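The sequence shown begins at -4 in our numbering and counts up one residue at a time.
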Amino acid sequence: MTDAAVTQTSPGEAQFGDYVALLKPRVMRLVTFTAAVGLIAAPGFVHPVIAVAAILCIAVGAGASGALNMWWDADIDRLMARTAGRPIPSGRVTGEDALAVGLTLSALSVMFLFLFGNAAAAGLLAFTIFFYAVVYTMWLKRATPQNIVIGGAAGAFPPMIGWAVATGGVSLESLLMFALIFLWTPPHFWALALFRNDDYAAAGVPMLPVVAGTRATRRQILVYALILAPAAILPAFTGIGGPLYLAVALMLNAKFVAGAWAIRNRDDAAAEADGYRVEKRFFGFSIAYLFLHFAVILLEATLRALGLGLGAWPMI
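Structure (structure tokens):
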């Protein structure tokens, strides 16, 4: 290795941006947004200062989870093209520093959420960090092709945490928001795994395409899309939904199922020939799909707060 290469990868050269990257900011944004929607859609009033502080705590907790994930997965991150440039495998941040950042932010986020929010919200945040860092990252990810199915719960908790900040507990509405993310996670990540299959195989991660094959993965994407659709539409008939949510959810889920059907009917030869165009398009749409569901929940809550709701639905 040349001196220049040593200089470029020296842990001592870590910049502020490297520590930000350690927190997985793109994941943090989605977590923060869904948590905020859960808080705003919940009944009751939360002082704006308390609300902002609570959402910040949830965001920091998500970042802490990301740092712990990168610390543990540094060995396999080095083997995958998608993750080789992350702060630890690239040598810009040491594993010890990443662990320290993750543990410190975990403790601070839970402690301050307890102070600004309540014990229920802080307990859910602590469990979410534990579930993602220990149950998913340290155990499920390398142990079973169902890693994403079970591990998806970690990403589904934030709206429940936001709801708990406002209400001090859990309700049907917060459980439905959880279910929306939980059931969305497998088809979202399996679409990615189809065109990143070689990465996961090289790293020894038992993602479904690696263990069961791509044909089985394509079938499972469709199965989960069909299960997800009614679960995603159901919030329309609760206190967080309404006619606007129903209309948007019907359109989004029709498109999602159609995309899953298109993936189901493709073979590897066709996918490789066009550079996995259909799979990549489905993966990109799946991100918009989740964002738009929560955006409409937020819009419904805003309209109700302004007295401009489109009418009440029978509640389930």
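Glycine included, C-beta positions come from ideal geometry on N, C-alpha and C. Fair warning: this is a prediction, and the values are worked out from it, not measured in the lab.
Residue j beta carbon less than 7 Å from that of residue i
{"i": "Val206", "j": "Tyr195", "result": "no"}
{"i": "Phe232", "j": "Val32", "result": "no"}
{"i": "Ala49", "j": "Ile292", "result": "no"}
{"i": "Pro181", "j": "Val144", "result": "yes"}
{"i": "Phe280", "j": "Ala186", "result": "no"}
{"i": "Arg272", "j": "Arg213", "result": "no"}
{"i": "Val55", "j": "Ala116", "result": "no"}
{"i": "Leu178", "j": "Ala249", "result": "no"}
{"i": "Leu34", "j": "Ala46", "result": "yes"}
{"i": "Gly97", "j": "Ala59", "result": "yes"}
{"i": "Trp67", "j": "Met23", "result": "no"}
{"i": "Leu189", "j": "Glu274", "result": "yes"}
{"i": "Val105", "j": "Leu120", "result": "yes"}
{"i": "Ala30", "j": "Gly157", "result": "yes"}
{"i": "Ala198", "j": "Met75", "result": "yes"}
{"i": "Thr209", "j": "Asp269", "result": "no"}
{"i": "Asp72", "j": "Thr78", "result": "yes"}
{"i": "Ala242", "j": "Ile228", "result": "no"}
Distance between residue j and residue i (C-alpha atoms, nearest Å)
{"i": "Trp256", "j": "Leu18", "result": "35 Å"}
{"i": "Thr2", "j": "Glu91", "result": "A caution first: Thr2 carries a pLDDT of 34, below 50, which makes its placement in the model too unreliable to give a value."}
{"i": "Val200", "j": "Pro140", "result": "8 Å"}
{"i": "Tyr14", "j": "Pro238", "result": "43 Å"}
{"i": "Ser101", "j": "Arg261", "result": "43 Å"}
{"i": "Leu108", "j": "Leu285", "result": "25 Å"}
{"i": "Pro6", "j": "Leu247", "result": "Per-residue confidence for Pro6 stands at a pLDDT of 48, beneath the threshold of 50, marking its modelled position as unreliable; the derived number appears in the next sentence. Roughly 45 Å between the two C-alpha positions."}
{"i": "Arg81", "j": "Ala9", "result": "12 Å"}
{"i": "Phe111", "j": "Thr162", "result": "13 Å"}
{"i": "Val252", "j": "Ala148", "result": "22 Å"}
{"i": "Ala220", "j": "Phe122", "result": "27 Å"}
{"i": "Gly236", "j": "Leu287", "result": "13 Å"}
{"i": "Leu203", "j": "Ala283", "result": "23 Å"}
{"i": "Val165", "j": "Thr89", "result": "39 Å"}
{"i": "Leu135", "j": "Leu175", "result": "21 Å"}
{"i": "Leu298", "j": "Phe184", "result": "33 Å"}
{"i": "Asp(-2)", "j": "Asn142", "result": "Bear in mind that a pLDDT of 35 at Asp(-2), under 50, signals an unreliable position, so the number given afterwards is only what the model happens to contain. Looking at the two C-alpha atoms, the distance is approximately 41 Å."}
{"i": "Val44", "j": "Gly146", "result": "32 Å"}
{"i": "Ile222", "j": "Phe11", "result": "42 Å"}
{"i": "Leu301", "j": "Leu103", "result": "35 Å"}
{"i": "Asn113", "j": "Arg191", "result": "41 Å"}
{"i": "Phe28", "j": "Ala57", "result": "12 Å"}
{"i": "Leu25", "j": "Val41", "result": "21 Å"}
Touching or not, the segment 149 to 158 and the segment 82 to 90, by the rule of three or more beta carbon pairs under 8 Å?
no
The segment 126 to 135 touching the segment 58 to 68, judged by at least three CB pairs closer than 8 Å
These segments touch.
Taking only runs that begin and end inside the segment 195 to 255, name each unbroken alpha helix (DSSP H) of 4 or more residues, in chain order.
203 to 206 and 209 to 228
Check whether the segment 42 to 57 and the segment 162 to 174 touch, using three or more Cβ-Cβ pairs below 8 Å as the test.
Flag = no, the segment 42 to 57 and the segment 162 to 174 do not touch.
Continuous alpha helix (DSSP H) assignments of at least 4 residues falling wholly in the segment 14 to 80:
20 to 36, 43 to 67 and 69 to 72
Fully enclosed by the segment 259 to 301, which alpha helix (DSSP H) runs are 4 residues long or longer?
263 to 268 and 272 to 300
Unbroken alpha helix (DSSP H) runs of length 4 or more, entirely within the segment 73 to 157: which are they?
90 to 111, 114 to 125, 142 to 146 and 148 to 151
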